[in-house]
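Q: Protein chains in written order, with my numbering: chain A, 1 to 362; chain B, 363 to 724. The beta-carbon is built from N, C-alpha and C at its ideal position, and this holds for glycine as well. The structure presented is a predicted model; accordingly, all values stated were derived computationally and were not measured. Let me begin by handing over the structure; questions about it come next.
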DNA sequence: TCCTCGTTCTGAACCGTTACGGTCAGCACA
DNA sequence: TGTGCTGACCGTAACGGTTCAGAACGAGGA
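Spelled out as structure tokens, the structure:
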């Protein structure tokens, strides 16, 4: 059926004895030619197996690709593994399908510097989801002459941003724990930079973290607990490069081994917190009686586990990012959208046991 | 920084006083020009804010887009809502990132006939995930001169396919239920055609279903139960257009209202089965004592719920589809991959209560 | 000295389409 | 009979690259 060399608009025009413009119009502007001729064009197209104008050639000419690019920190497949990312993507997909735009997931490897995938994505704009501020892929995106919206991080001068108030959100959580009486805390956080550092994170590393979100959460915790009389320099912070429950387990184990006195484990994501819960269970620690554990994100699994956490509107973030990018609004000055978060009081937080209880039982 | 009119390869060449070929080579074939000149080219590019060759123009010339298109039955955002679809996508994403290919999600609306999104996707090939055999989008995909792989359904002459043996898989499950003694069964199934029919599905509708997978599962059930002496014409089959747990609940309610005598509810997906479980719970029916419920897919939620189901390797399906499309293998003759399934015996299946038990308690 | 060869760069064709500014016939109207 | 308008179609010039066959030139070998 298919000719050896696939039919083109030009070959169709030649076959019909009309100009290419006319064939093009048959597809794109039916009112520009007589119904009869249009019928003949489409009919001949079918006969020759011409599938309609080539999308790439059209994109070149019209300067529209009909798709939005998505860049994320992780391997492409990670997008389908992390519930928070999935929620974000669903929201973004909603915005895209509403505008008839495709969603082009850019295949990047966070441990490589190769940015060709960014350069070869035929898209009309980019959404960048939670990448480090020194990510070369981000730089590649920004160098392209298309609009860009960043979600969560980093904050870049002159670039639209959708996010939450990380500082305020986690300060609220910290306030709660302080109110309960916790002073011996430990923190489990996600990667702070592009280099892998699975272990304790020094204050210097915390302060210079290339992930703005993690930096903000840590500094908010530091502020809150310092204000409550805690010496932040003595608060153990364990970092994990991979964002999985397994990481949460090993991080919790590492922290509890080194600091058995902690009464509360604050995790900067629900995934890590779920891992910590598993580790606590393995150690025979009763949560929250022996140990308080908190998360961040508000994913469904966390809710099922009764985790005390901060719920953030992940789907709404995706939708907002999409709308910002695709909306008719003016791109002249950078816009910033901050969505609301909510403290979810689950069953994994309680006042700390007293020292006596720790030694002699409740 | 950006010039009013963005720099192009030609403007860069003019600025440097070299040919466009040379600039092109600076990016694509570094060995074709002196290191010194190449340095100057890249340096000037940076100065002029030239982001490198335009991906669309390059695609036009090289006839490669560097992306794989994905077409699915549902709204784009559905891909992130159904766990089975998510698993499939993760597998597909793994294959894509392995080959450095992007993943272009095509925005379609299953209730509309508009196929322009398919025609305007700049991709090197398509993966089609579980669509009806008369889907106009599928026709549009097949008309395009790019390789295509179908996952699950439909089977199209001459097109690569990745799937499972639906007939054998569900026959195994049916055999199990028959062995347990079930003869009064009911079936909850997903949509059988593109038109919405939320209610009982006649035999005619079952036989002419446009979704091969559902058709195969129903016919396998019919064969198995007919062989066990059950008159399939009397077996209630309830269909739902939307694939959600809510649909499962209402479908179960509708079926149990009309046929309170059924002892087993066979669902063609875990999602529907989870809904049925919820409905059974609401009615005070004990599962499996009062009612056996089975699913299909083997998603994580089902495992947690202890559902008796058929586990199919969703991630592997995605990966296989991607490999088939991207692999160097010859596309000369159609290939077919059938993956293994496994019967998972959960805690939602048991022998039926006797009639006496039904009336007088256990 | 002449020929060959490799390196470095160029010119022109081509990828398939759409935007833009026409042309031209036919018709109504004064 | 000339004028202006409209509907239907066309020609050309991009769009921004890549590719391929050579040209120009200096170096090395016989």
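Tell me where the beta strand (DSSP E) around residue 522(B) begins and ends.
A: Indexing the second chain from 1 puts residue 522(B) at position 160. 522–526 is the extent of the beta strand (DSSP E) around residue 522(B).
Q: Taking Cβ positions, are residue 139(A) and residue 115(A) nearer each other than 9 Å?
A: The sequence position of residue 139(A) within the first chain is 139, counting from 1. The sequence position of residue 115(A) within the first chain is 115, counting from 1. Going by C-beta atoms, residue 139(A) is nearer than 9 Å to residue 115(A).
Q: To the nearest angstrom, report how far apart residue 641(B) and residue 619(B) are at their CA atoms.
A: Locating residue 641(B) in the second chain gives position 279, where the first residue counts as 1. Locating residue 619(B) in the second chain gives position 257, where the first residue counts as 1. Distance between the alpha carbons of residue 641(B) and residue 619(B): 11 Å.
Q: Pop quiz: residue 677(B) and residue 487(B) are said to be a contact at Cβ under 8 Å. What is the actual Cβ separation, rounded to whole angstroms?
A: As a first step, residue 677(B) is located in the second chain; it is residue number 315 there, counting from the start. As a first step, residue 487(B) is located in the second chain; it is residue number 125 there, counting from the start. About 20 Å; that fails the 8 Å criterion.
Q: DSSP on residue 108(A), reduced to helix/strand/coil?
A: In the first chain, the residue the question calls residue 108(A) occupies position 108. Looking at residue 108(A) - three-state DSSP - the assignment turns out to be coil, as it is neither helix nor strand.
Q: What three-state label does DSSP hand residue 431(B) in the structure shown?
A: One-based indexing of the second chain puts residue 431(B) at position 69. In this structure, residue 431(B) counts as strand in the three-state DSSP scheme.
Q: Taking residue 448(B) as the query, report the chain A residues whose CB atoms sit under 7 Å from its CB, ordered along the chain.
A: The residue labelled residue 448(B) in the question sits at position 86 within the second chain. Under the 7 Å cutoff, chain A gives 80 and 86.
Q: Pick from 323(A), 273(A), 91(A) and 187(A): whose alpha carbon is nearest that of residue 304(A)?
A: Counting from one through the first chain, the residue named residue 304(A) turns up at place 304. Closest by alpha carbon: 273(A).
Q: Taking DSSP as the reference, what is the three-state secondary structure of residue 532(B)?
A: As a working mapping, residue 532(B) is identified with position 170 in the second chain. Of the three classes helix, strand and coil, the one that applies to residue 532(B) here is helix, per DSSP.
Q: From which residue to which residue does the alpha helix (DSSP H) around residue 449(B) run?
A: Reading the second chain from its first residue, position 87 is the one you call residue 449(B). It spans 445–460 - the alpha helix (DSSP H) in which residue 449(B) sits, taken as one unbroken run.
Q: If the cut is a Cβ gap below 7 Å, which residues of chain A does residue 428(B) touch?
A: Counted from its first residue, the second chain places residue 428(B) at position 66. By Cβ distance, chain A contributes 120.
Q: Can you tell me whether residue 1(A) is buried or exposed? The criterion is at least 16 other CB atoms within 10 Å of its CB, across all chains shown.
A: Residue 1(A) sits at position 1 when you count from the first residue of the first chain. Caution applies to residue 1(A), whose pLDDT of 41 falls short of 50 and renders its modelled position unreliable; the model cannot decide the point.
Q: For residue 192(A), is the classification buried or exposed, using 16 other Cβ atoms within 10 angstroms of its Cβ as the cut-off for buried?
A: Numbered from its first residue, the first chain carries residue 192(A) at position 192. Counting Cβ neighbours within 10 Å, residue 192(A) comes out buried, since at least 16 surround it.
Q: Quick one: grab the DSSP three-state call for residue 610(B).
A: Counted from its first residue, the second chain places residue 610(B) at position 248. Helix at residue 610(B).
Q: Tell me which residue opens and which closes the alpha helix (DSSP H) that residue 576(B) is part of.
A: Counting from one through the second chain, the residue named residue 576(B) turns up at place 214. That run of the alpha helix (DSSP H) goes 574–589.
Q: Tell me which residues share the same chain as residue 152(A) and place their Cβ nearer than 6 Å to its Cβ, disregarding the 5 neighbours each side in the sequence.
A: Translated into positions along the first chain, residue 152(A) becomes position 152. The residues are 130, 163 and 213.
Q: Can you find the residues in the same chain that come closer than 7 Å, C-beta to C-beta, to residue 226(A), ignoring five residues on each side of it along the sequence?
A: Sequence index remark: in the first chain, residue 226(A) carries index 226 (1-based). Closer than 7 Å at Cβ, skipping near neighbours: 232.
Q: Rounded C-beta distance between residue 580(B) and residue 705(B)? I'm assuming under 8 Å.
A: Your numbering for residue 580(B) matches position 218 in the second chain. Your numbering for residue 705(B) matches position 343 in the second chain. That pair is no contact at about 18 Å.
Q: If you measure between the beta carbons of residue 661(B) and residue 507(B), is that distance less than 9 Å?
A: Here residue 661(B) refers to the residue found at position 299 of the second chain. Here residue 507(B) refers to the residue found at position 145 of the second chain. No, Cβ-Cβ distance for residue 661(B) and residue 507(B) is not below 9 Å.
Q: Contact criterion: CB-CB distance below 9 Å. Does residue 144(A) meet it with respect to chain B?
A: What you label residue 144(A) is simply residue 144 of the first chain in a count that begins at 1. Chain B contact via Cβ: present.
Q: Does the separation of the CB atoms of residue 378(B) and residue 406(B) fall below 9 Å?
A: Here residue 378(B) is taken as the residue at index 16 of the second chain, counted from 1. Here residue 406(B) is taken as the residue at index 44 of the second chain, counted from 1. In this structure, residue 406(B) lies closer than 9 Å to residue 378(B) by Cβ.
Q: Along chain A, which residues have their Cβ under 8 Å away from the Cβ of residue 466(B)?
A: Reading the second chain from its first residue, position 104 is the one you call residue 466(B). The answer, in chain order, is 67, 102, 103, 104 and 105.
Q: DSSP has residue 297(A) in a bridge; who is on the other side?
A: If you number the first chain from 1, residue 297(A) lands on position 297. For residue 297(A), which the question treats as bridged, DSSP gives the partners 311(A).
Q: Have a look at residue 437(B) and residue 97(A) and give me their C-alpha separation to the nearest angstrom.
A: For the purposes of this step, residue 437(B) is identified with residue 75 of the second chain, where counting begins at 1. For the purposes of this step, residue 97(A) is identified with residue 97 of the first chain, where counting begins at 1. Cα-Cα distance, rounded: 7 Å.
Q: Between residue 73(A) and the rest of its own chain, which residues show a CB-CB distance below 8 Å, the 5 nearest in sequence each way excluded?
A: Stepping through the first chain from its first residue, residue 73(A) is reached at position 73. Excluding positions up to five away in sequence, the list reads 110, 129, 130, 131, 132 and 135.
Q: Can you give me the start and stop residues for the beta strand (DSSP E) that residue 186(A) sits inside?
A: For the purposes of this step, residue 186(A) is taken as residue 186 along the first chain, with counting starting at 1. That run of the beta strand (DSSP E) goes 185–189.
Q: Can you round the beta-carbon distance between residue 685(B) and residue 457(B) to whole angstroms, since I take them to be within the 8 Å contact cut?
A: Along the second chain, one-based indexing puts residue 685(B) at 323. Along the second chain, one-based indexing puts residue 457(B) at 95. With 8 Å as the limit, residue 685(B) and residue 457(B) qualify as a contact, their Cβ atoms being about 5 Å apart.
Q: Could you pull out every residue in the same chain whose Cβ sits closer than 8 Å to the Cβ of residue 415(B), ignoring the five residues on either side in sequence?
A: Locating residue 415(B) in the second chain gives position 53, where the first residue counts as 1. 371, 386, 389 and 390, listed in sequence order.
Q: Over the uninterrupted beta strand (DSSP E) stretch that includes residue 364(A), give me the two end residues.
A: Outside the shown range of chain A (1 to 362) lies residue 364(A), about which nothing can therefore be said.
Q: Could you spell out the range, first to last residue, of the alpha helix (DSSP H) harbouring residue 23(A)?
A: The residue you call residue 23(A) lines up with position 23 of the first chain. Looking at the DSSP string, the run of the alpha helix (DSSP H) that includes residue 23(A) is 20–28.
Q: Does chain A have any CB closer than 9 Å to the CB of residue 682(B)?
A: Numbered from its first residue, the second chain carries residue 682(B) at position 320. By this cut-off, residue 682(B) is not an interface position.
Q: Out of 51(A), 35(A) and 18(A), point me to the one whose CA is closest to residue 480(B)'s CA.
A: In the second chain, the residue the question calls residue 480(B) occupies position 118. It is 51(A).
Q: Using a Cβ cut-off of 8 Å, which residues of the segment 607–636 of chain B contact any Cβ in chain A, in chain order?
A: Against chain A - using a Cβ distance shorter than 8 Å - the segment 607–636 of chain B contributes no residues.
Q: What separation, rounded to the nearest whole angstrom, lies between the Cα atoms of residue 320(A) and residue 69(A)?
A: Translated into the one-based positions of the first chain, residue 320(A) becomes position 320. Translated into the one-based positions of the first chain, residue 69(A) becomes position 69. Cα to Cα, residue 320(A) sits roughly 15 Å from residue 69(A).
Q: Within the continuous alpha helix (DSSP H) that includes residue 142(A), where are the two ends?
A: The residue you call residue 142(A) lines up with position 142 of the first chain. Segment 136–143, the alpha helix (DSSP H) holding residue 142(A).
Q: Within 10 angstroms of its Cβ, does residue 392(B) collect 16 or more other Cβ (buried), or is it exposed?
A: Translated into the one-based positions of the second chain, residue 392(B) becomes position 30. Answer is exposed; the Cβ neighbour count stays below 16.
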